[in-house]
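One structure is given here, and the rest of the page talks about it.
In this note's numbering, the protein residues as written are 34 to 224.
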């Protein structure tokens with residue numbers, strides 16, 4: 034991940050935070066997320082973080098990042114079992130003429146109307162896999178009902194057998210929105 038300037042953590046589950054400490058040490062990029070989890074890692078692991086709570090905004094260079102609500106859970110798995118790792122969240126990332134909404138692992142929620150009214154994101158990174166998060170039908174509903182996205186990057190699918198293995202339903206439901214299928218850990222520029 035050469036060139037990484039920040040590592041965003043939506044919640045503590047291993048499929049989202051499992052490589053965070055190694056990546057921050059490898060890249061020198063700070064971890065960005067909810068106060069409780071970032072504070073834990075700062076104290077226990079001596080890593081740099083940007084920590085805040087939902088509704089708060091931090092500046093990372095010329096980019097403004099607001100922590101927003103999500104509905105899921107957030108735990109870390111350790112030798113003594115799971116422990117609460119702060120709250121689950123999403124992000125609004127504003128800079129370079131774009132606003133990106135990162136849904137985190139969530140379901141559709143009425144808060145999304147507020148997110149649109151306050152931030153007007155043009156790019157949505159939406160979980161679509163089902164089972165643990167909203168599925169493609171619900172993500173398409175959220176996109177059509179609450180947002181005016183130009184581009185959607187689907188995530189949280191194709192990683193476990195129980196999740197959706199493609200995004201054809203999402204693409205069919207949103208013919209006027211560019212749905213990008215990106216490769217994990219590969220940079221992609223969106224115009």
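Each residue gets a CB set at the ideal place from its N, CA and C atoms; glycine is no exception. The structure presented is a predicted model; accordingly, all values stated were derived computationally and were not measured.
Residue 154 is classed as buried because its beta carbon has at least 16 other beta carbons within 10 Å across all chains shown. Contact annotation: residue 164 and residue 196 have beta-carbon atoms nearer than 8 Å. Contact annotation: residue 141 and residue 158 have beta-carbon atoms that are not nearer than 8 Å. If you check the CB distance, residue 178 and residue 211 do not come in under 8 Å.
Close CB contacts of residue 149 within its chain, under the 6 Å cut and outside five residues either way in sequence, are with 179, 180 (chain order).
Collapsing the DSSP output to three states places residue 190 in coil.
In this structure, the alpha-carbon of residue 192 lies about 11 Å from that of residue 217. With contacts defined as CB atoms closer than 8 Å, residue 82 and residue 90 fail to qualify as a contacting pair. In the same chain as residue 161, and ignoring 5 residues on each side of it, the C-beta atoms closer than 8 Å to its own belong to 167, 168, 169, 172, 187, 188, 189, 190, 197, 200, 203, in chain order. Residue 68 carries a helical assignment under DSSP once its states are collapsed to helix, strand and coil. Annotated three-state conformation of residue 167 is coil, per DSSP.
Distance from the Cα of residue 94 is smallest, within the candidate group 80, 128, 76, for 128. Residue pairing of residue 125 in beta bridges, as defined by DSSP: 99, 134. Residue range 82 to 85 is occupied by the beta strand (DSSP E) that includes residue 84. Per the coordinates, the alpha-carbon of residue 115 lies some 15 Å from the alpha-carbon of residue 69. DSSP places residue 183 in the coil class of the three-state scheme, outside both helix and strand.
As DSSP reads the structure, residue 203 sits in no beta bridge.
Listed in chain order, the non-local C-beta contacts of residue 38 below 6 Å within the same chain comprise 62, local neighbours out to five positions each way being set aside. Judged by their CB atoms, residue 138 and residue 86 are not nearer to each other than the 8 Å cut-off. Distances from the CA of residue 208 to each of 194, 215, 174, 222 were compared; the closest alpha carbon is that of 174.
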